[in-house]
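Student:
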Amino acid sequence: MEILILGPVVVRAGGSVLAVDRPLERAALVCLALGRGLPVSDGRLAAGLWGDEVRGRPVDRLWSVVSRLRATLGAHADVVERTAAGYRCTATMPDLLAAESASARVRAAELTGDHAAVRAEAAAALGYWRGQTLADVRSAPLVIAEAHRLDAWRLELACAGFAAAVESGDADEVVTELSRLVAAHPVHEPLARLYALALYRSGRQADALSSLDRLRRAVTDRLGVAVTPETATLEQRMLRHDPLLRPSPTRCAARLTEAETSTAVDVPGPLTSFLGREREMPELLRQLTGPAPVTLTGGPGCGKSRLALEAARVLARGGRRVVTVQLAAVRQGDLVGQAIAEATGVEAAPGDEIPLLAAELDGALLLIDNAEHLADEVAVLVTALSEAAPALTPLITSQRPIGCPGEVVQLVSALDRRASLTLFVDRAEIALDESVQADVVAICAAVDWLPLGIELAAGLTRTLSLSQLAKRIVDTLRLLVGGARDGSSDRHTSLRMALDCSYQILDPTTQSVLRGIGVFAGGFPPAAVAAVLPADLGQDRIAAALAELEHRNLIAVLTDGTYRRCLLLETVRGYAQSQLAAEGEIAAARARHAQWCLDHVRTAAETHGDGSAEGAAAVFAEWPNIAEALDRAPGTPAAGTAVRLAIAMHRPWLMRSWYAQAGRYYGPLLTGADIPATDRAEALSRWAFHWMMIGRLDEAADLLDEAATLIDPSDSGLVAISVYYCRGCIDVERARYRQAIRTLLTAAEYARRAGNLQRESACIDACASAQLFAGDARSAVENYRRAADIDRAEGDEHGLARGLSNLAKALLGVGRMDEALACAAESDGYAKRFDDSHILALTEQVRAGIAAAAGDLDAAEVHCRTALSRMGEEIGTADIDLADVLIERGALAEARELLDRVLDDSAPGQTTWLAALPVSAALAWAEGDFAAAATLVDETTAAHAASGFGWPRYVDRLDTVRRRLADRQLAGQ
Numbered sequence: 002m003e004i005l006i007l008g009p010v011v012v013r014a015g016g017s018v019l020a021v022d023r024p025l026e027r028a029a030l031v032c033l034a035l036g037r038g039l040p041v042s043d044g045r046l047a048a049g050l051w052g053d054e055v056r057g058r059p060v061d062r063l064w065s066v067v068s069r070l071r072a073t074l075g076a077h078a079d080v081v082e083r084t085a086a087g088y089r090c091t092a093t094m095p096d097l098l099a100a101e102s103a104s105a106r107v108r109a110a111e112l113t114g115d116h117a118a119v120r121a122e123a124a125a126a127l128g129y130w131r132g133q134t135l136a137d138v139r140s141a142p143l144v145i146a147e148a149h150r151l152d153a154w155r156l157e158l159a160c161a162g163f164a165a166a167v168e169s170g171d172a173d174e175v176v177t178e179l180s181r182l183v184a185a186h187p188v189h190e191p192l193a194r195l196y197a198l199a200l201y202r203s204g205r206q207a208d209a210l211s212s213l214d215r216l217r218r219a220v221t222d223r224l225g226v227a228v229t230p231e232t233a234t235l236e237q238r239m240l241r242h243d244p245l246l247r248p249s250p251t252r253c254a255a256r257l258t259e260a261e262t263s264t265a266v267d268v269p270g271p272l273t274s275f276l277g278r279e280r281e282m283p284e285l286l287r288q289l290t291g292p293a294p295v296t297l298t299g300g301p302g303c304g305k306s307r308l309a310l311e312a313a314r315v316l317a318r319g320g321r322r323v324v325t326v327q328l329a330a331v332r333q334g335d336l337v338g339q340a341i342a343e344a345t346g347v348e349a350a351p352g353d354e355i356p357l358l359a360a361e362l363d364g365a366l367l368l369i370d371n372a373e374h375l376a377d378e379v380a381v382l383v384t385a386l387s388e389a390a391p392a393l394t395p396l397i398t399s400q401r402p403i404g405c406p407g408e409v410v411q412l413v414s415a416l417d418r419r420a421s422l423t424l425f426v427d428r429a430e431i432a433l434d435e436s437v438q439a440d441v442v443a444i445c446a447a448v449d450w451l452p453l454g455i456e457l458a459a460g461l462t463r464t465l466s467l468s469q470l471a472k473r474i475v476d477t478l479r480l481l482v483g484g485a486r487d488g489s490s491d492r493h494t495s496l497r498m499a500l501d502c503s504y505q506i507l508d509p510t511t512q513s514v515l516r517g518i519g520v521f522a523g524g525f526p527p528a529a530v531a532a533v534l535p536a537d538l539g540q541d542r543i544a545a546a547l548a549e550l551e552h553r554n555l556i557a558v559l560t561d562g563t564y565r566r567c568l569l570l571e572t573v574r575g576y577a578q579s580q581l582a583a584e585g586e587i588a589a590a591r592a593r594h595a596q597w598c599l600d601h602v603r604t605a606a607e608t609h610g611d612g613s614a615e616g617a618a619a620v621f622a623e624w625p626n627i628a629e630a631l632d633r634a635p636g637t638p639a640a641g642t643a644v645r646l647a648i649a650m651h652r653p654w655l656m657r658s659w660y661a662q663a664g665r666y667y668g669p670l671l672t673g674a675d676i677p678a679t680d681r682a683e684a685l686s687r688w689a690f691h692w693m694m695i696g697r698l699d700e701a702a703d704l705l706d707e708a709a710t711l712i713d714p715s716d717s718g719l720v721a722i723s724v725y726y727c728r729g730c731i732d733v734e735r736a737r738y739r740q741a742i743r744t745l746l747t748a749a750e751y752a753r754r755a756g757n758l759q760r761e762s763a764c765i766d767a768c769a770s771a772q773l774f775a776g777d778a779r780s781a782v783e784n785y786r787r788a789a790d791i792d793r794a795e796g797d798e799h800g801l802a803r804g805l806s807n808l809a810k811a812l813l814g815v816g817r818m819d820e821a822l823a824c825a826a827e828s829d830g831y832a833k834r835f836d837d838s839h840i841l842a843l844t845e846q847v848r849a850g851i852a853a854a855a856g857d858l859d860a861a862e863v864h865c866r867t868a869l870s871r872m873g874e875e876i877g878t879a880d881i882d883l884a885d886v887l888i889e890r891g892a893l894a895e896a897r898e899l900l901d902r903v904l905d906d907s908a909p910g911q912t913t914w915l916a917a918l919p920v921s922a923a924l925a926w927a928e929g930d931f932a933a934a935a936t937l938v939d940e941t942t943a944a945h946a947a948s949g950f951g952w953p954r955y956v957d958r959l960d961t962v963r964r965r966l967a968d969r970q971l972a973g974q
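If you want the working numbering, it's the 1-based position in the sequence shown plus 1.
(1) Report all residues from its chain with a CB closer than 7 Å to the CB of Glu26; omit the five preceding and five following residues, and keep chain order.
(2) Residues in its own chain within less than 8 Å of Ala1 by CB, not counting five upstream and five downstream?
(3) With distance defined between alpha-carbon atoms, name the residue in Arg62, Arg497, Asp501 and Arg574 nearest to Phe525.
(4) Alpha carbon to alpha carbon, how far is Arg45 from Pro294?
(5) Identify which residue in Tyr576, Leu581 and Ala548 has its Cα closest to the Cα of Arg565.
(6) For Ala503, which of helix, strand or coil comes out of DSSP?
(7) Mapping DSSP to helix, strand and coil, what is Ile369?
(8) Which same chain residues end up closer than 6 Å to Pro9 when comparing Cβ atoms and leaving out the 5 residues on each side of it in sequence?
(9) Just the C-alpha distance for Arg418 and Val119, rounded to the nearest angstrom, thanks.
(10) Per the DSSP calculation, Glu567 is bridged to which residue(s)?
(11) Can you tell me where the alpha helix (DSSP H) holding Gln759 begins and where it ends?
(12) In terms of residues, what are the limits of the alpha helix (DSSP H) holding Thr296?
(13) Pull up the DSSP beta-bridge partners for Thr394, would you.
(14) According to DSSP, is Ala14 part of a helix, a strand, or is it coil?
(15) In whole angstroms, what separates the C-alpha of Ser806 from that of Tyr738?
(16) Starting from Val324, follow the beta strand (DSSP E) in both directions and report where the run begins and ends.
(17) Taking the beta carbon of Thr604 as the centre, do at least 16 other beta carbons fall within 10 Å, making it buried, or is it exposed?
(18) For Asp22 and Val107, I'd like the C-alpha separation in whole angstroms.
(19) Should Ala590 and Leu581 be called a contact, given that it needs their Cβ atoms to be closer than 8 Å?
(20) Could you name the residues of the same chain whose beta carbon sits closer than 6 Å to that of Arg871, not counting the 5 residues immediately before and after it, in chain order?
(21) For Gly830, which of helix, strand or coil comes out of DSSP?
(22) Just checking Thr867 against the ligand SAH - is the residue's beta carbon closer than 7 Å to any of the ligand's heavy atoms?
(23) Would Leu30 pass as a contact of Tyr88 if the rule is Cβ separation under 8 Å?
(24) In terms of alpha-carbon separation, which member of Pro919, Glu281, Gln740 and Leu35 lies closest to Cys768?
(25) Any idea what DSSP makes of Arg479, helix, strand or coil?
(26) Please list, in chain order, all residues of the same chain as Asp732 whose beta carbon is under 6 Å from its beta carbon, the five residues on each side excluded.
(27) Whole angstroms is fine: what's the gap from Ile722's alpha carbon to Tyr751's?
(28) Please classify Val226: is it buried, with 16 or more other beta-carbons within 10 angstroms of its beta-carbon, or exposed?
(29) Nearest-angstrom Cα distance between Gly364 and Pro292?
(30) Three Cβ pairs or more, each shorter than 8 Å: is that satisfied between the region 354–363 and the region 379–393?
(31) Less than 8 Å between the C-beta atoms of Thr345 and Val324, yes or no?
(32) DSSP three-state call for Leu19: helix, strand or coil?
(33) Would the beta-carbon of Ala164 fall within 8 Å of that of Leu210?
(34) Tell me the residue span of the alpha helix (DSSP H) that contains Gln288.
(35) Sort out for me which residues DSSP pairs Gln411 with in a bridge.
(36) Mapping the DSSP letters down to three states, classify Leu966 as helix, strand or coil.
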């Protein structure tokens, strides 16, 4: 089946048009089709149809709409199918796909400077529109958003065609049409700049300047802001009759499109024009049409990252999803998956990323930049992702191939001579004529025609004349390579030389700032610079130094409204660190960096709240810096600060379920470091918590024993509370419920006396879990409510997400189904803000239990499978609950598989093991092995009695099997 969306929606199958007359059904079909074959969750689809404020029972309404839609589609109803993750549609959108293909050809032609092809392909792409996009379904929020995106893309394609006409000398042919578009979009600055340029190249300079003046007034009057620097710069260039504004057949149309006509796309990177690579880009784009991993290799500074980024931009503008991952700041191989998950917007526990990433990235381009230091780990992950997501195309930049199956390697060399000269004069903002050509050639040759070296050298022209720069750069090269110079080090030497030249010409304050910012990883806010410098230079001097560094291409500054962030290329960062080491400042700088990270985490908690989504987002915005500080600190003067940083990160790690990742930092930090006893004890208790959460109970218990030796036995302070809390939680996992309840109530009382309500709530919540597992569901309900009330009063959103999910579980145990559903829904509202998959899985289990109790096994299975998908590789009660539903449905083989998995993973006597036993007895009964079922009932009864296990859900299941056995015995069978 096909759905045409570039105009009023048309549904057709087998050459005939299908009538989908009801607007809501038509909108639902479009929303699903826009998922491009991937499942659309119920929540997202409901919000897409009715908005975020949808009332009543949106899922029930959604099912009703989809049911009617399937009935309308008749024999073609199977194109809309139900999966564990939501509904999906297998219909295609041929007009959109054809337009995207033409758009990709537009971008490829732009990069090769083929203006005729750009105009032809842009016209072909625009020809697929039959009117206003999605004209008859613009009432649904998701459709409206997509329609606006496609409208913007349509305008961008029109601009590309007009830009090619202007660039090829046919500006007068498109002035009239551009005038019409500018009138329709009076504050669209890229379009207005293109119109002004067309007027200018048509010999109408006065009209061009007048059009820019009208744009300025419109932007000021309607938006209340000034025009962008690009508009102001274009006006100044027109006033001084800049010769580069004249059309030239040697100029690549990509430059015009990038700098003057395109709208922004969601691919980060520099805003400077992209020059050269006319041979490499078309070949790269051809390779990226398939799923094979493509690796761009080459030495430092050769432009691998920029070429990859520009290719990604071409594909993104053609409608393909692009995810970019920067690995330069990632030092451990086990963090590669988390880096990709973070960039993709997927929340997954470390090691569990592949299934979720595969679902999210299938069909996308995944750009992994700077992978050479983690090549083996990247190869393993790319291989797994490619197998799980066959339509994914990985694009990697690395100084060497990563070695994954099917890898296509494309070598990126230095620029050719013509492109090198063009890049230099563009960045230096000079005209290339005979008077300067020899000097420019000498400068480019001195840096081996490498893009990075050329850009750094161009930055020096702010201070030196070309002849001075040419002499100085060649003299510096001669000094640097006065001894032996083998071919393997040429490029590194050239870059070092260019950086040396740039550094030496800086004033002492700017040199100090450049050295200091070398400790940052993944960028930094300008306000953070003072914190890492040895002396307070004052914000004015720091701001001036940063401006100078930006002016000389040593840093890049990204701006979004009032937000500004500075970035260093890894080459420059490495150079800055080498200068720090040469000055003997690196240890002190890293200690100050660790302190800044600690202050940042604490400030985020104080500003936004310790358990808020905003606080977590603020913390993880600086995760590359935090990880850098934790990695670099062991065995240095920064170790003590880094231990306190790890302690401060406890709650953010908890909110992301980063237990294994968090746990690995503590060992190196606490080994051989002179850490105060209180900090060491608290760090040990936090470490124990993370190990406990991933099932390493014995190690966690040993850490708590060590922590206990560092505190006064009569102490009831915060460290003691942490130790008691973790011991209580371990007792819960080991099914020592009575002991756990005593320990956790003691910890809660200590927390209450200390005025620490967050820890009091956590202790009460854990105590309630012990009570629920011990069979006292009513006391559990009472204590879960008590903990939730504390969290609500404190504004602790993550605590509420956790507590309400647990309360829903307890309410299910006492048969209060409506209240359980309400608590689950409220918990989801908070958990989704953190994307906490663990909590979202728990609420799905609650819904599964309610559906099963009502006899709706279809819904129960869907909820169970959704819960299991959210848990990733973690094994627990979600497996048990799905097995229980499958037993009732007769799918005994899969049920056996799930239960074996649980029993193999759980130590005998642990809570999960005790919960699995009754369902194992039910499976034996269903398989007809009544003797085995009877034996399991007896063994389970004894195990439950020995531990005090009484979780109603599973005890009830055991009673059901026991009754069936008794009934069978009475019947004489």
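The C-beta atom is built at its ideal place from N, Cα and C for all residues, glycine as well.
Tutor: The short version:
(1) Taking the first residue of the sequence shown as position 1, residue 26 is located at position 25. Val66, Arg69, Leu70 and Thr73.
(2) Missing from the structure shown is residue 1; the chain here goes from 2 to 974 and no further.
(3) Start at 1 with the first residue of the sequence shown, and residue 525 comes out as number 524. Of the candidates Arg62, Arg497, Asp501 and Arg574, the one whose C-alpha sits nearest the C-alpha of Phe525 is Arg574.
(4) Stepping through the sequence shown from its first residue, residue 45 is reached at position 44. Stepping through the sequence shown from its first residue, residue 294 is reached at position 293. When rounded, the separation of the alpha-carbon atoms in Arg45 and Pro294 is 31 Å.
(5) The count along the sequence shown starts at 1 and reaches residue 565 at position 564. Nearest of Tyr576, Leu581 and Ala548 to Arg565, Cα basis: Ala548.
(6) Along the sequence shown, read from residue 1 onward, the residue named residue 503 stands at position 502. The sequence as given places Ser at residue 503; Ala does not occur at that position. Correct three-state label for Ser503: helix.
(7) Counted from its first residue, the sequence shown places residue 369 at position 368. Looking at Ile369 - three-state DSSP - the assignment turns out to be strand.
(8) Counting from 1 along the sequence shown, the entry for residue 9 is found at position 8. Excluding residues within five positions, the ones whose Cβ falls inside 6 Å are Ala136 and Asp137.
(9) The residue given as residue 418 occupies position 417 in the sequence shown. The residue given as residue 119 occupies position 118 in the sequence shown. Near 26 Å, if we compare the C-alpha coordinates of Val119 and Arg418.
(10) What you label residue 567 is simply residue 566 of the sequence shown in a count that begins at 1. It should be noted that the sequence gives Cys, not Glu, for residue 567. Its beta-bridge partners are Phe525 and Val558.
(11) Within the sequence shown, numbered from 1, the residue matching residue 759 stands at position 758. Leu758 to Phe774 is the span of the alpha helix (DSSP H), which, as asked, contains Gln759.
(12) As a first step, residue 296 must be located in the sequence shown, where it is residue number 295. That residue, Thr296, is in no alpha helix (DSSP H); its beta strand (DSSP E) goes Val295 to Thr298.
(13) To locate residue 394, count along the sequence shown from 1; it is residue 393. According to DSSP, which records beta bridges pairwise, Thr394 is partnered with Leu366.
(14) In the sequence shown, counting from the first residue as 1, residue 14 sits at position 13. Ala14 carries a strand assignment under DSSP once its states are collapsed to helix, strand and coil.
(15) The residue given as residue 806 occupies position 805 in the sequence shown. The residue given as residue 738 occupies position 737 in the sequence shown. CA-to-CA, the gap between Ser806 and Tyr738 works out to about 20 Å.
(16) One-based indexing of the sequence shown puts residue 324 at position 323. Counting along the chain, the beta strand (DSSP E) containing Val324 begins and ends at Val323 to Gln327.
(17) Working through the sequence shown from its first residue, we reach residue 604 at position 603. Counting Cβ neighbours within 10 Å, Thr604 comes out exposed, since fewer than 16 surround it.
(18) Numbered from its first residue, the sequence shown carries residue 22 at position 21. Numbered from its first residue, the sequence shown carries residue 107 at position 106. Taking the straight line from one Cα to the other gives about 36 Å.
(19) Working through the sequence shown from its first residue, we reach residue 590 at position 589. Working through the sequence shown from its first residue, we reach residue 581 at position 580. Less than 8 Å separates the beta-carbon of Ala590 from that of Leu581.
(20) The residue given as residue 871 occupies position 870 in the sequence shown. Within the same chain, and ignoring the five residues on either side of Arg871 in sequence, the residues whose Cβ sits closer than 6 Å to its Cβ are Ser838, Leu841 and Ala842.
(21) Taking the sequence shown and counting its residues from 1, one reaches residue 830 at position 829. Helix.
(22) As far as ligands go, the structure on display features none, and thus does not contain the ligand SAH.
(23) Walking along the sequence shown from the start, residue 30 turns up at place 29. Walking along the sequence shown from the start, residue 88 turns up at place 87. In this structure, Leu30 keeps its C-beta atom at 8 Å or more from the C-beta atom of Tyr88.
(24) The residue given as residue 768 occupies position 767 in the sequence shown. Comparing Cα-Cα distances from Cys768 to each of Pro919, Glu281, Gln740 and Leu35, the minimum goes to Gln740.
(25) Taking the sequence shown and counting its residues from 1, one reaches residue 479 at position 478. Note that Arg479 has pLDDT 42, beneath the 50 cutoff, so the model's placement of it is unreliable and no number is given.
(26) Translated into positions along the sequence shown, residue 732 becomes position 731. Within the same chain, Asp732 has close Cβ partners Gln740 and Ala741.
(27) In the sequence shown, counting from the first residue as 1, residue 722 sits at position 721. In the sequence shown, counting from the first residue as 1, residue 751 sits at position 750. A direct Cα-to-Cα measurement between Ile722 and Tyr751 gives close to 7 Å.
(28) If you number the sequence shown from 1, residue 226 lands on position 225. By the neighbour-count rule (16 or more Cβ atoms within 10 Å), Val226 is not buried but exposed.
(29) Taking the sequence shown and counting its residues from 1, the one referred to as residue 364 is at position 363. Taking the sequence shown and counting its residues from 1, the one referred to as residue 292 is at position 291. In a straight line, the C-alpha of Gly364 is about 9 Å away from that of Pro292.
(30) Yes, since at least three Cβ pairs between the region 354–363 and the region 379–393 fall closer than 8 Å, the two stretches touch.
(31) Mapped onto the sequence shown, residue 345 falls at position 344. Mapped onto the sequence shown, residue 324 falls at position 323. Cβ distance < 8 Å, so Thr345 and Val324 count as in contact.
(32) Within the sequence shown, numbered from 1, the residue matching residue 19 stands at position 18. For Leu19, the secondary structure class from DSSP, reduced to helix, strand or coil, is strand.
(33) Here residue 164 refers to the residue found at position 163 of the sequence shown. Here residue 210 refers to the residue found at position 209 of the sequence shown. Contact flag unset, no.
(34) Taking the first residue of the sequence shown as position 1, residue 288 is located at position 287. Per DSSP, Gln288 belongs to the alpha helix (DSSP H) from Glu281 to Gln288.
(35) For the purposes of this step, residue 411 is taken as the residue at position 410 of the sequence shown. Note: Gln411 sits in a beta bridge opposite Leu297.
(36) Here the question's residue 966 lines up with position 965 in the sequence shown. Looking at Leu966 - three-state DSSP - the assignment turns out to be helix.
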